[in-house]
Structure formats: C-alpha cells, structure tokens
Amino acid sequence: MSSIANSLDVRAKEPGLFRRLLRSRSGAVGILLITFYLVVGLLGALGLTPFPPTEQHPERLQEPDSTYIMGTDLHGRDIASRIMDGATNSLRVALLSVALAGTAGTLIGTFSGYVGGLLDNVIMRIMDVFFAFPAILLALLVVVVLGPGLTNTTLAIAIVYMPIFARVARGPALAVREMEFVTAARCIGIPHWRILLLHVLPNTLAPLIVQVSLALSWSLLTEAGLSFLGLGTRPPQASWGVMLSESRGISEIAPWLMIYPGLAIMLGVLGFNLLGDGLRDTLDPRLRGRR
Amino acid sequence: MLRYLAQRALAFVPTLLGVSILIFFAIRMVPGDSIVAMLGTEAGMLSEAQRAALERYFGLDKPAIEQYFVWLGNVLQGDLGYSVRHGEPVLSVILARFPVTLELALMAVIIALAIGMTFGVLSAVFHNSIIDLIGQLFALIGLAAPNFLIGTLIIYVLSVYFGILPNSGDYVSLTEDPRRNLEQLIFPAITLGFAFSASVMRMTRSAMLEVLGEDYVRTARSKGLREHVVVSRHALRNALIPVVTLVGVEMGYLLGGAVIVEEIFTLPGIGRLAYNAISQRDYALVQGVTLFIALNFVVINLIVDFVYTLLDPRISYVKHR
C-alpha cells in the first residue's frame with residue numbers, strides 16, 4: 009500500500025511538459041526564439057512596424073543607421089518593417105499549412121492504421137506517391153496548378169507535408185488497435201469512429217507533437233523557397249524569401265539586404281528545430297541525454 | 211538476393227503508376243493549354259482549323275483518360291513523348307540534363323559525408339567536450355540555413371572578397387573539360403553538401419554514441435586494440451547503416467534536381483528542367499521528368515537495400531529454409 013502511495017507521490021511531483029521542456033537546453037532556447045518570432049510577427053500583424061512595409065522612402069539602399077535600423081532596399085523601403093511584415097506572412101503560412109497537414113494527415117494515418125488490411129495498404133501506397141517527389145517540386149506543381157499567392161502556398165505546403173503526418177500517426181495507431189482497451193471498447197459496442205477519436209487518436213499524439221514542430225520549420229523553409237522562386241508571397245507583400253531573392257545581384261554593394269532576411273529565416277527555423285529536439289527528448293525518456 | 215530486389219522493384223510499380231496518374235491529371239488542371247504555352251501570343255493568330263490540327267497532331271483532342279493510356283502504352287515501349295518547347299523527344303531532353311544533376315548530387319554527397327562524418331565521429335568520441343559543442347553548433351546552423359541563403363552567401367563572399375563570380379556560362383561536361391566542369395559545379399555542390407552535412411553529422415553522432423556503448427566495443431577495447439581501430443573498424447562500420455539510409459533518401463531528392471540551387475547557379479539540371487516544364491505546361495516533358503524522378507527514387511532505394519548487406523552481414527534478404 010505504502011509503495012503505491014509513494015509512486016503516486018512521485019507522479020504528483022513530476023513537472024508538466026512545459027516545465028520539463030524549459031529544463032532541456034534545446035527546448036528552452038527553442039521557446040525563446042519562437043516567442044521572439046511570435047512577438048515580431050504579432051507586431052507586424054498589428055501594423056506596429058517602424059514604417060509601413062511598402063512605403064518607399066527617398067533614401068534608397070541606405071546603410072543601417074538610427075532611422076532605418078536594418079537599412080533600406082532598392083526601392084527605399086525599410087528593411088526592418090519588411091522583416092516584421094515577412095514574419096507575419098511566413099508565420100501565417102507555416103501555422104495554417106501545418107494545421108491543415110497535421111489534421112488531415114493524422115486523421116488519414118490513424119484511420120489507415122486502425123482499419124488495417126487492404127485499405128491501409130492502398131492508403132499508404134497513395135501516400136508513397138507523394139514521397140516520390142522532392143518537396144519543393146511537388147509544392148511548385150501545386151502552386152502552378154492553383155496559382156501563386158499566400159493562400160495557395162499554404163495549401164501547397166499542406167499537401168506536401170500531409171503524408172508525413174499520415175505515416176507518423178499510422179505507426180502508433182497500428183500498435184494501439186491491438187491493445188486490450190481497444191478490443192474491450194469494441195466488445196461493448198462503441199462505434200468505430202468513437203474508438204478512433206477517443207482511444208486511438210490520443211495515443212498517437214506524442215510523436216505527432218514533435219512532428220508539428222519540425223514541420224513548422226520545414227514549412228518556413230518551403231515558403232521562403234517558393235517565394236525565392238517567385239511563386240509564394242508576391243511582391244510588394246513582404247516575405248523573407250522574396251527579400252533574399254531581391255538581394256541577388258546587389259548584395260555586393262548592400263549586404264544588409266541579404267543578411268537580415270537570411271538571419272530571420274535561420275533563427276525561425278532554428279527555433280522550431282530546437283523546440284522539436286527538446287520535445288523529443290522530453291517525450292521520449294530513452295533519448296534523454298543522448299543529444 | 212536478386213529475387214528479393216526484384217520483388218522490391220515490383221512493389222514500386224503501383225507507386226510509379228500513382229505518380230504518373232497524379233502528374234498526368236494535375237498538369238492538365240493548370241490554367242491555359244499547352245498550345246498557348248507553346249506558341250505564346252502567336253496562339254491568338256491561329257485559325258480554329260489550325261488549332262484543331264495542332265491539337266490532333268499532339269493527341270490533345272482526345273479525352274484525358276484516353277490520352278493517359280496512349281501515353282502509358284508508349285512509355286512501356288520506351289517512348290516518353292515529344293517536348294513541344296524543346297522540339298526534341300522527352301527522353302533525350304532528360305538524358306542531356308541528367309549528367310549535370312548526377313554529378314552535382316554525387317559531389318554534394320561526397321562533401322557532406324566528408325564534413326558530416328568527420329564532425330559526427332569526433333563529436334561522439336569526444337562526447338560532451340568542446341569539440342562536441344562546436345560540432346553540434348555547426349549542425350544546428352547547417353540545418354537552419356536554407357540552401358538558397360548558403361548559395362547567395364557563397365556568391366557574395368566570392369565576389370566581394372575574391373573578386374570572382376562562380377563560373378556559370380554554358381555548361382561544359384566532365385569529359386569535355388574537367389577543370390571548367392569542376393569550376394562550374396564546385397560551388398553549387400558545396401551549397402548542397404553543406405546543408406546535408408548537418409544531417410549526416412547528427413545521424414553519425416547519435417549512431418556512434420549508441421554503438422560505442424555496446425558490449426562488442428568494450429570487448430574490442432579490452433582486447434587491447436588501439437582506440438582508432440576500435441572506432442573505425444568496430445564502431446563506425448555499424449554506425450554507418452542509418453547514415454546510408456539518410457544518404458539514400460537525400461540522393462533520391464538530389465537526383466530529383468535541386469531546383470533552387472540550379473536556378474541560383476544557372477545549371478541546366480533536372481530540377482530546372484522540371485521547374486520550367488511545369489511553368490511552361492510542357493505536358494509530355496512534365497510527365498517524363500516526374501516519372502524519371504520517381505524512378506530514381508526506386509533505384510536508389512534498391513541500392514540502399516543492397517548496401518545494407520555489404521555493411522552488415524547479419525542483414526540478409528535470402529530466406530533461410
């Protein structure tokens with residue numbers, strides 16, 4: 009009896025996910041970077057940028073100084089304001105596309121793993137079709153079919169990453185469907201959709217949480233890549249990819265055009281990568297201390 | 211072994227069919243048609259009869275499903291169709307660009323393995339030391355830096371500090387002029403290799419850390435073997451398996467063409483070919499290129515399976531009776 013009480017006591021002292029995450033070095037730095045990124049994006053969304061992001065000033069290719077802290081571009085637009093506006097746009101694309109990909113992919117993957125058999129095989133082969141393309145090329149194809157712009161970029165990125173979520177969710181679903189509590193639920197006549205949503209789905213969440221963080225970093229990169237090629241966010245709207253692309257050919261005389269958007273992309277991606285590492289270490293005790 | 215590989219290859223047939231169906235119909239959903247894409251503004255000058263004749267010539271007047279089966283039948287006989295933009299058979303357009311992509315991919319992987327495995331092994335052997343910290347920082351930066359940023363930075367550093375620009379111009383093949391070929395490919399290869407080396411480093415490090423804790427490594431050490439022999443012969447060989455998987459996946463993607471890097475360094479590879487074909491609605495070329503890319507994936511997967519058996523004799527695909 010006392011051992012049970014002791015174990016309960018230990019459980020009660022086990023800190024929550026967020027606290028554990030903060031204790032891991034990667035998790036803490038990741039959260040810090042993402043918070044910074046969110047704040048910048050939010051300020052951009054609220055229009056609280058130093059200057060309107062598309063406003064053209066007479067000072068073209070101005071070096072960073074006290075007025076324009078990151079300098080101005082070829083059209084005299086303030087780089088800092090455009091970085092903030094770019095943060096809003098890339099965050100919007102990243103969050104929406106991962107939400108879409110995550111929801112659709114998880115539902116498909118859990119359903120596939122739960123039903124098993126031929127249907128599972130067919131669904132997974134269809135997912136394999138998407139894996140046989142380099143991500144950027146598949147996104148390109150979708151964008152060309154749908155037309156460029158923020159919404160279509162979001163959809164394209166969602167389609168590209170959806171199969172990854174399906175694969176990640178399917179594994180645990182396959183394992184869970186053989187467990188006794190699922191058999192028991194089936195025996196007492198609980199409908200399949202309910203078993204799927206209430207019993208199978210929650211058990212696939214741990215690996216999915218890690219995946220969400222990594223997918224956010226990939227979708228940031230893909231959005232920047234598409235915009236760099238001129239197929240994502242369209243000018244004059246700001247995007248870090250567009251800004252980098254615009255710096256080509258003139259970065260020799262105005263390196264700040266390349267440095268700041270480049271740093272912004274790197275820090276954003278780094279933040280989500282570190283958070284993903286931290287989450288993996290925290291959620292999977294076998295990995296603690298390995299990375 | 212051969213039987214196993216053949217079975218694996220056959221299992222990929224449905225995937226390839228799926229890819230072909232997806233692409234065939236997706237490219238037909240792009241607004242505008244391929245006649246307009248081919249002739250540009252001149253398409254407006256075509257009479258109805260001329261347009262109909264062109265459509266009949268390219269088989270575009272038939273229903274999409276019929277077009278698909280005609281195309282599939284031709285593909286099975288080795289005919290990938292005719293590129294309207296290049297005025298050449300699709301297969302020869304692809305084969306002319308493939309050497310660029312293959313060479314670039316191989317160079318990038320070699321660079322990535324050289325950097326990534328060196329850092330990975332050192333980080334694992336000197337676990338939790340300053341070397342490990344530097345290695346991990348390098349990996350974090352490599353993973354976070356998009357290749358178009360690295361490419362742009364390389365061009366910047368070369369032009370500002372060395373006063374030179376990467377040798378773009380017309381592509382020269384390795385057999386024609388090896389030196390010029392290397393000059394053209396080395397910087398794009400470094401760009402791609404740097405990004406990939408970060409993944410290789412992390413994978414090598416974590417696999418080595420796991421292997422270095424195994425009993426047989428302790429046995430090897432207790433036999434009195436020198437540390438570098440233990441690391442290179444006993445540990446590294448076993449740690450290589452996940453790295454091979456990673457290289458396989460990456461090689462598959464690289465052979466699909468590094469669109470952005472090829473664009474930055476103006477290299478005529480498969481990636482740019484696919485990109486241009488998609489934006490120009492060159493139906494036959496898009497279908498051919500994507501099928502080719504998917505086929506590369508299949509071949510790479512089979513090679514990876516084969517390499518596993520070379521690295522680890524315990525992995526055998528022969529059924530024991």
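From first to last, the protein sequence lines are chains A and B.
Per our numbering, residue 9 is the first one in the first sequence, and the count goes up by one each step.
Per our numbering, residue 211 is the first one in the second sequence, and the count goes up by one each step.
The beta carbon of each residue, even a glycine, is placed where N, CA and C say it ideally should be.
For the pair Q277(B) and L305(B), the Cα-to-Cα distance works out to about 24 Å. DSSP places S221(A) inside the alpha helix (DSSP H), whose first and last residues are L213 to F236. For F141(A), at least one C-beta of chain B is nearer than 8 Å to its own C-beta.
At least 8 Å separates the beta-carbon of V514(B) from that of V319(B). In summary, D289(A) is buried, with 16 or more beta-carbon neighbours lying within 10 Å of its beta-carbon over all protein chains present. G466(B) and L25(A) have their alpha carbons spaced roughly 40 Å apart. Looking at the backbone, the Cα of L215(B) and that of S221(A) are separated by about 36 Å.
If you ignore the 5 residues before and after H296(B), its C-beta comes within less than 8 Å of the C-beta of V303, D492 and L495, all in its own chain and listed in chain order. For the C-beta of D136(A), the chain B residues within less than 7 Å are, from N- to C-terminus, T225. Contact between the stretch 399 to 411 of chain B and the stretch 352 to 360 of chain B is established, with three or more Cβ pairs separated by less than 8 Å.
Contact between M411(B) and G345(B) holds, since their C-beta atoms are separated by about 6 Å, short of 8 Å.
In this structure N129(A) is exposed. Its beta-carbon is surrounded by fewer than 16 other beta-carbon atoms within 10 angstroms.
Counted as a single uninterrupted DSSP element, the stretch harbouring V441(B) is not any alpha helix (DSSP H), since DSSP gives it neither H nor E. When the Cα atoms are used, E254(A) and L265(A) turn out to be separated by approximately 8 Å. As the crow flies, the alpha-carbon of R202(A) is around 25 Å from that of I134(A). Scanning its chain for C-beta atoms nearer than 6 Å, with the 5 sequence neighbours on each side dropped, one finds around A408(B) the residues A349, G352 and L353, in chain order. For A102(A), the enclosing alpha helix (DSSP H) stretches over residues I87 to V123. It is roughly 16 Å from the alpha-carbon of M239(B) to the alpha-carbon of K272(B). By the CB criterion at 8 Å, G249(A) and G270(A) fall outside the cutoff.
Between Y381(B) and the set I325(B), A334(B) and L314(B), the nearest pair of CA atoms involves L314(B). Taking a beta-carbon distance threshold of 8 Å, M418(B) does not count as an interface residue toward chain A.
Contact residues of the stretch 321 to 332 of chain B toward chain A are absent (C-beta to C-beta distance below 7 Å).
Straight-line measurement puts the Cα of H83(A) at about 47 Å from the Cα of I116(A). Taken through DSSP and simplified to helix, strand or coil, P299(B) comes out as strand. A straight-line Cα-Cα distance of about 50 Å links L435(B) and E188(A).
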